[in-house]
Amino acid sequence: MLSEVYIEREVRCYLKSLPVKIDFAILFGSTIYGERLRDSDIDLIVVSKDFEGMPFEERIFILQKHWKHSVMLEAFGFTPTEFEKLKDKSIVVQEAVEKGKRILVRRNGKVAKTV
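So the sequence shown is numbered by our numbering: it starts at 456 and just counts up by one.
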């Protein structure tokens, strides 16, 4: 079974590979909560101003296309404005904010740290 540390490292590499400038990402779900099963996917929210005006389906396509790992990824792409609005309306986003690990990204696109 994959460790949380390994998955965090893989997610950092993945975030660096994306063709959008990331404001931040949140890793959440069973992997972070210590409840990961053999077939668990990786849950991730990616927030980027570059998603502005981009159809949701295209965002998902971009996020899935760049994931090169055998473990399934369930990634959601939001603009900062969408993310702020969803914090009060979406149970998934609320859970990610309350229990997830925020991965900060420097302005040059490099992953800075996990909070």
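For glycine and all other residues, C-beta sits at the position ideal for the given N, C-alpha and C.
Smallest Cα separation from residue i: which of the options?
i	options	result
V548	K523, E465, H524 and F483	F483
K523	F538, S458 and L473	L473
G555	M527, D498, E539 and V526	D498
For residue i and residue j, I'd like the C-alpha separation in whole angstroms.
i	j	result
D505	S458	31 angstroms
D496	D543	25 angstroms
P436	V552	The chain is shown from 456 up to 570; residue 436 falls before or after that span and cannot be answered.
E539	L528	23 angstroms
What distance in whole Å lies between the Cβ atoms of residue j and residue i, which are believed to be in contact at a cut-off of 8 angstroms?
i	j	result
L518	G508	With a Cβ gap of about 16 angstroms, L518 and G508 do not count as contacting.
S503	K471	Actually they are not in contact, since the Cβ atoms of S503 and K471 sit about 13 angstroms apart, beyond 8 angstroms.
Check residue i in the structure and name its three-state DSSP category.
i	result
R493	coil
K471	helix
I515	helix
V501	strand
K476	coil
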